[in-house]
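Undergrad:
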Amino acid sequence: MRSGSNRQGSPGAPAGRSLGSFKIPLALTVMLLLLSFTPRVQASPMLAWSFWGACVALLLWQLFLFIGASRAGESHEFSIVLRPQHYIQTMVQISLYAYWGYYWRPVYEHFWLICGQLLFAYSFDMLLSWSRRRDYTLGFGPFPIILSINLFIWFRDDWFYLQFLMIAVGFMGKEYVRWQREGRNVHIFNPSAFSLGLFSLILIMTNTTGLTWGQEIASTLTLAPNIYAFLFLIGLVVMYFFSITLVAGMAAITLFGLSALYSSSTGVPYFLDSEIPAAVFLGLHLLITDPSTSPRTPLGKSLFGVLYGFGVFGLYTLLGNFGAPTFYDKLLCVPLLNLSVIAIDRAVRSIHSESLLNVWRANWLGGRANLAHMSIWILVFVSMSLLGKTDGKHTGDSLPFWQQACASDLPNACGRLLQLESTYCGDNAAWACNELGAHYREGQIVGTDTELALSFFGRACELKFQAGCLNLIDTEVLSRDSPHELDLRLLLREGGRNLMDASITDLYARACEHDWSFACAESRGSP
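Numbers 1 to 527, taken from this note's numbering, label the letters of the sequence shown in order.
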């Protein structure tokens, strides 16, 4: 970003001419105000007030700067600079929103709110620069910040003013939290990661995750078919242009390796139903790979990626042990890693890493080292896909697997069985509701809770599951049954969309693949 001191206006110059740049933030604020009258914003009174509050704050700030500049005879200027890392990443992020939103419509419904955030971000960033007596560099800079934030956390309509606050915190962190790096004064933190990490910590400490769509965002990415392959492909674009292959690739390889090691030693997957959760796979491609806040040396980038992998892996268990939502794992460690980049590069240079292995030399293969790194990453991803570790059926998708693992008292198996059954009961799978009621009546894998058991049995009965009705009527018996057809359409979705259009034959064949023994008999008996 090119900076410069504010120009002094000549004493006789008309104020309107010297302060003409204020028309830009004013126009952006007016557009934000007009946006508040769209049906999407007007659907929620608190959402509309959030927009109006943001407009008032921006207008007051503009008025303050305008009066100050008029008295001092100063003018506030801007220059236009279009940086590839901004507009290329923006195009990649938009493609993800378009693909994901096609299968989860709230993304498209969120469109106008993203537009509002962009208008606010441009105005806020411009006024912040002028308040710091610097010219403003106009480009695509706010786009990847806003789009990145919204890939992980949205505040719900009644609390949307916190979304504007989160954006403001990100830009203030970029402006005020800085250091000297290689002779240049630069920001320490990835702006979006700084906001996401700070607000994640606050939401965890106040137990207010429900104010956001964070859990839904993390769990709905897999509704888009082959989401891992899609993220891999758009990630290659970013890798090619900005040489971040070592960061993303080593983070993924570390997580694949740690997951495999845990699974082989315990008999159950580390993550519930994947080797790397889709939201984490997204994060290692589009969150930690900011070239400005990651190491510059090849070995440093590799270590940065490895540390991210270990950080996510450890935080998943730590958050779970504290009863906090585990989807924060990919967000909390990024600011800490940003703080480590100078130390990482300094340590790497002190051991002369480029003399140890060709792979860490920038001029490896005639300066085409990044293409070589990309080739290795492509080979790794294809290999993991062929082994069934990305898209498609995963061991953790099978409820019979978790039932058997729980019966065998494998680590965390019973808790995950309850977690899956709770999710499916919430999706109106009657079988899952009846099983939850049975667990709370038996008291074997969870404490006995008669009232909660009756609640789940009542839910199962409402969904026309006969065993649930019997359990509701007679508290002395415990009736169970195999999942019905509608249950299977919900239980077998493998993190994707419900199988409402699948044929009976295909449905029972898939159920057999998931180790439902009754379905295997039905499948063999079908013509």
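Glycine is no exception: its CB is placed at the ideal position from the N, C-alpha and C atoms.
For residue 510, does the three-state DSSP call read helix, strand or coil?
TA: Within the sequence shown, the letter at position 510 stands for residue 510. Reduced to three states, the DSSP call for residue 510 is helix.
Undergrad: Provide the residue span of the alpha helix (DSSP H) that contains residue 190, from first to last.
TA: In the sequence shown, residue 190 corresponds to position 190, counting from 1. Element bounds for residue 190: n/a, residue is neither H nor E.
Undergrad: Checking the sheet assignment: what are the DSSP bridge partners for residue 138?
TA: Taking the first residue of the sequence shown as 1, we reach residue 138 at position 138. According to DSSP, which records beta bridges pairwise, residue 138 is partnered with 80.
Undergrad: Assign residue 155 to one of three DSSP states: helix, strand, or coil.
TA: Position 155 of the sequence shown holds residue 155. Note: residue 155 maps to strand in three-state DSSP.
Undergrad: Could you give the DSSP three-state label for residue 302: helix, strand or coil?
TA: As a first step, residue 302 must be located in the sequence shown, where it is residue number 302. Helix at residue 302.
Undergrad: May I ask whether a heavy atom of the ligand HEM can be found less than 6 Å away from the beta carbon of residue 272?
TA: By its list of ligands, the structure shown contains no ligand whatsoever, and the ligand HEM lies outside what it can speak to.
Undergrad: Residue 225: buried (16+ other C-beta within 10 angstroms of its C-beta) or exposed?
TA: If you number the sequence shown from 1, residue 225 lands on position 225. Looking at its Cβ environment, which holds fewer than 16 other Cβ atoms inside 10 Å, residue 225 is exposed.
Undergrad: Using the beta-carbon count (16 or more within 10 Å), is residue 160 buried or exposed?
TA: For the purposes of this step, residue 160 is taken as residue 160 along the sequence shown, with counting starting at 1. With 16 or more Cβ atoms within 10 Å of its Cβ, residue 160 is classed as buried.
Undergrad: Less than 6 Å between C-beta atoms, sequence neighbours within five positions excluded: which residues of the same chain meet that for residue 146?
TA: Position 146 of the sequence shown, counting from 1, holds the residue named residue 146. Hits under 6 Å: 117, 118 and 121.
Undergrad: Measuring alpha carbon to alpha carbon, tell me which of 376, 293 and 511 ends up nearest residue 531.
TA: The question about residue 531 has no answer here: the residues shown for the chain are numbered 1 through 527.
Undergrad: Excluding five sequence neighbours on each side, which residues of the same chain lie with their C-beta closer than 6 Å to the C-beta of residue 348?
TA: Counted from its first residue, the sequence shown places residue 348 at position 348. Hits under 6 Å: 297, 299 and 300.
Undergrad: Please list, in chain order, all residues of the same chain as residue 335 whose beta carbon is under 7 Å from its beta carbon, the five residues on each side excluded.
TA: As a first step, residue 335 must be located in the sequence shown, where it is residue number 335. Correct list, in chain order: 189, 193, 194 and 197.
Undergrad: Does the Cβ-Cβ distance between residue 90 and residue 144 come in under 7 Å?
TA: Here residue 90 refers to the residue found at position 90 of the sequence shown. Here residue 144 refers to the residue found at position 144 of the sequence shown. The answer is yes: Cβ separation under 7 Å.
Undergrad: Where DSSP assigns a beta bridge to residue 178, which residues make up the other side?
TA: Counted from its first residue, the sequence shown places residue 178 at position 178. Answer is 187.
Undergrad: Might you give, ordered along the chain, the residues of its own chain that have their beta carbon closer than 6 Å to the beta carbon of residue 207, omitting 5 neighbours on each side?
TA: One-based indexing of the sequence shown puts residue 207 at position 207. Answer for residue 207: no residue qualifies.
Undergrad: Quick one: residues in its chain with C-beta nearer than 7 Å to the C-beta of residue 204, no 5 flanking neighbours on either side, listed in chain order?
TA: Within the sequence shown, numbered from 1, the residue matching residue 204 stands at position 204. 324 and 328, listed in sequence order.
Undergrad: Note down, in chain order, each residue of its chain lying with its Cβ closer than 7 Å to the Cβ of residue 511, except the 5 sequence neighbours on either side.
TA: In the sequence shown, counting from the first residue as 1, residue 511 sits at position 511. Closer than 7 Å at Cβ, skipping near neighbours: 488, 492 and 519.
Undergrad: Here's a check: name, in chain order, each residue in its chain whose Cβ is nearer than 7 Å to the Cβ of residue 308, leaving out the five neighbours to either side.
TA: Taking the first residue of the sequence shown as position 1, residue 308 is located at position 308. Correct list, in chain order: 251, 284, 288, 333 and 337.
Undergrad: Would you mind reading off the limits of the alpha helix (DSSP H) that contains residue 370?
TA: Residue numbering aside, residue 370 sits at position 370 when the sequence shown is read from its first letter. Its alpha helix (DSSP H) spans residues 369–386.
Undergrad: With a cut-off of 8 Å, do at least 3 Cβ pairs link the segment 423–434 to the segment 456–469?
TA: Yes, the segment 423–434 touches the segment 456–469.
Undergrad: Taking all protein chains shown into account, decide if residue 521 is buried (16 or more other Cβ within 10 angstroms of its Cβ) or exposed.
TA: Walking along the sequence shown from the start, residue 521 turns up at place 521. With fewer than 16 Cβ atoms within 10 Å of its Cβ, residue 521 is classed as exposed.
Undergrad: How do the segment 390–406 and the segment 257–271 stand: do at least 3 beta-carbon pairs fall below 8 Å, yes or no?
TA: Yes, the segment 390–406 is in contact with the segment 257–271.
Undergrad: Do the CB positions of residue 486 and residue 498 come within less than 7 Å of each other?
TA: Looking up residue 486 in the sequence shown gives position 486. Looking up residue 498 in the sequence shown gives position 498. It is not a contact, given that the beta carbons lie outside the stated cut-off.
Undergrad: Using the Cα positions of residue 350 and residue 182, report the straight-line distance between them to the nearest angstrom.
TA: In the sequence shown, residue 350 corresponds to position 350, counting from 1. In the sequence shown, residue 182 corresponds to position 182, counting from 1. Taking the straight line from one Cα to the other gives about 15 Å.
Undergrad: Judging by CA-CA distance, which residue of 79, 209, 259 and 96 is the nearest neighbour of residue 136?
TA: As a working note, residue 136 is residue 136 in the sequence shown. That would be 79, whose Cα lies nearest to the Cα of residue 136.
Undergrad: For residue 312, is the classification buried or exposed, using 16 other Cβ atoms within 10 angstroms of its Cβ as the cut-off for buried?
TA: For this step, residue 312 is matched to residue 312 along the sequence shown. Buried is the call here.
Undergrad: For the alpha helix (DSSP H) holding residue 346, just list the boundary residues, first then last.
TA: On the sequence shown, residue 346 is found 346 positions in, with the first residue counted as 1. Here the alpha helix (DSSP H) through residue 346 covers 341–350.
Undergrad: Out of 463, 276 and 451, which one is the CA nearest neighbour of residue 428?
TA: Within the sequence shown, the letter at position 428 stands for residue 428. Closest option to residue 428, Cα to Cα, is 463.
Undergrad: Please determine, among 346, 442, 279 and 29, the residue with the shortest C-alpha to C-alpha distance to residue 477.
TA: Taking the first residue of the sequence shown as position 1, residue 477 is located at position 477. Comparing Cα-Cα distances from residue 477 to each of 346, 442, 279 and 29, the minimum goes to 442.
Undergrad: To the nearest angstrom, how far is the alpha carbon of residue 358 from that of residue 273?
TA: Position 358 of the sequence shown, counting from 1, holds the residue named residue 358. Position 273 of the sequence shown, counting from 1, holds the residue named residue 273. Residue confidence for residue 358 is low, a pLDDT of 45 falling below 50, so the modelled location carries little weight; the figure read from the coordinates is stated next. C-alpha separation (whole angstroms): 37 Å.
Undergrad: Could you compute how far the alpha carbon of residue 59 sits from the alpha carbon of residue 168?
TA: Looking up residue 59 in the sequence shown gives position 59. Looking up residue 168 in the sequence shown gives position 168. So the two alpha carbons sit approximately 15 Å from each other.
Undergrad: Would you give the residue range spanned by the alpha helix (DSSP H) that residue 122 belongs to?
TA: Working through the sequence shown from its first residue, we reach residue 122 at position 122. Residues 111–131.
Undergrad: Based on Cα-Cα distance, which residue from 22, 263, 502 and 93 lies nearest to residue 411?
TA: One-based indexing of the sequence shown puts residue 411 at position 411. Selected option, being the one with the closest Cα: 263.
Undergrad: Counting along the chain, where does the alpha helix (DSSP H) carrying residue 254 start and finish?
TA: Within the sequence shown, residue 254 is the residue found at index 254, counting from 1. Start and end: 245–266.
Undergrad: Let me know the secondary structure DSSP gives residue 422 once reduced to three states.
TA: On the sequence shown, residue 422 is found 422 positions in, with the first residue counted as 1. Three-state DSSP puts residue 422 in a helix.
Undergrad: Is residue 482 helix, strand or coil when you go by DSSP?
TA: In the sequence shown, counting from the first residue as 1, residue 482 sits at position 482. DSSP places residue 482 in coil when its eight states are reduced to three.
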